[in-house]
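*Asks:*
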Amino acid sequence: MKSDAPVPSGVLAELDRQTLRRQLETLKQRTLDELCRRTEPLNPLQERVSYEHEVHDNADDAELERSEDLRFAEIDADRQRLREIEQALRRMDEGRYGVCVDCAEGIPRERLMAYPTALRCGACQLASERQRRT
7 MKSDAPVPSG
17 VLAELDRQTL
27 RRQLETLKQR
37 TLDELCRRTE
47 PLNPLQERVS
57 YEHEVHDNAD
67 DAELERSEDL
77 RFAEIDADRQ
87 RLREIEQALR
97 RMDEGRYGVC
107 VDCAEGIPRE
117 RLMAYPTALR
127 CGACQLASER
137 QRRT
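Counted from 1, the sequence shown has number 76 at position 70 by this note's numbering; the numbering is strictly sequential.
1) Measuring CB to CB, does Gln29 end up less than 8 Å from Pro122?
2) Given that a residue counts as buried once 16 or more other Cβ atoms are within 10 Å of its Cβ, and exposed if not, what is Leu95?
3) Have a look at the DSSP bridge pairing and note the partners of Val105.
4) Could you work out which residue in Gln131, Asp84 and Pro114 is closest to Leu18 when comparing CA atoms only?
5) Below 7 Å CB to CB, which residues in the same chain sit around Cys106 once its five sequence neighbours on both sides are set aside?
6) Should Leu132 go down as buried or exposed, given a rule of 16 or more other Cβ atoms within 10 Å for buried?
7) Exposed or buried, Arg117, counting other C-beta atoms within 10 Å across all chains shown (16 or more means buried)?
8) My understanding is that Lys34 touches Ile81, with C-beta atoms under 8 Å, so please give their C-beta distance in whole angstroms.
9) Just the C-alpha distance for Glu40 and Ala83, rounded to the nearest angstrom, thanks.
10) Between Asn64 and Arg43, what straight-line distance do the alpha-carbon atoms span, to the nearest angstrom?
11) For the alpha helix (DSSP H) that Arg27 lies in, which residues bound it at each end?
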């Protein structure tokens with residue numbers, strides 16, 4: 007049975023590293039697909055032209071605006087997720103993957119398997135989140 011003790015990137019088992027790379031590549035492709043799906047029909051001029059030919063009121067306008075705002079927020083979230091995935095892959099290529107950016111200790115294997123883009127070990131992540139709240 008594998009230990010869940012923190013291990014630096016250089017010690018992370020090759021099988022784990024390959025599994026995590028595949029997981030990151032899969033997440034990257036899914037995120038790219040989702041980003042394409044969200045942006046493909048995004049043609050505000052076309053949507054507005056067809057919308058202008060319909061009977062509508064201020065509530066319809068507000069709903070359209072909320073819908074567009076939500077779509078843009080989802081696109082931003084997808085772009086952020088893509089950046090995190092690409093950074094994790096870069097850290098993996100550079101041999102820095104699995105090392106906490108705050109304490110330089112190894113991130114536990116279990117955490118990496120659950121959250122492959124993790125930058126911090128659990129303790130440092132909690133400290134970072136607490137600091138952001140204050």
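No residue lacks a Cβ here, since even glycine has one placed at the ideal position from N, Cα and C. Note that the structure is predicted; figures quoted are calculated from it, not measured.
*Replies:* Inspection of the coordinates gives the following:
1) Counted from its first residue, the sequence shown places residue 29 at position 23. Counted from its first residue, the sequence shown places residue 122 at position 116. A contact, by the Cβ cut-off of 8 Å.
2) On the sequence shown, residue 95 is found 89 positions in, with the first residue counted as 1. So Leu95 ends up on the buried side.
3) Translated into the one-based positions of the sequence shown, residue 105 becomes position 99. Paired residues: Gly112.
4) Start at 1 with the first residue of the sequence shown, and residue 18 comes out as number 12. Checked all of Gln131, Asp84 and Pro114; the closest Cα to Leu18 is Pro114.
5) Taking the sequence shown and counting its residues from 1, the one referred to as residue 106 is at position 100. The answer, listed in chain order, is Ile113, Arg126, Cys127 and Cys130.
6) Working through the sequence shown from its first residue, we reach residue 132 at position 126. The residue in question, Leu132, is exposed, as its Cβ has fewer than 16 Cβ neighbours within 10 Å.
7) Mapped onto the sequence shown, residue 117 falls at position 111. Per the 10 Å Cβ criterion, buried.
8) As a position in the sequence shown, residue 34 is number 28, starting the count at 1. As a position in the sequence shown, residue 81 is number 75, starting the count at 1. At roughly 16 Å, the Cβ-Cβ gap does not stay under 8 Å, so Lys34 and Ile81 are not in contact.
9) Taking the sequence shown and counting its residues from 1, the one referred to as residue 40 is at position 34. Taking the sequence shown and counting its residues from 1, the one referred to as residue 83 is at position 77. Taking the straight line joining both Cα atoms gives about 11 Å.
10) To locate residue 64, count along the sequence shown from 1; it is residue 58. To locate residue 43, count along the sequence shown from 1; it is residue 37. Going from the Cα of Asn64 to the Cα of Arg43 covers about 28 Å.
11) Taking the sequence shown and counting its residues from 1, one reaches residue 27 at position 21. Note, Arg27: alpha helix (DSSP H), Glu20 to Thr45.
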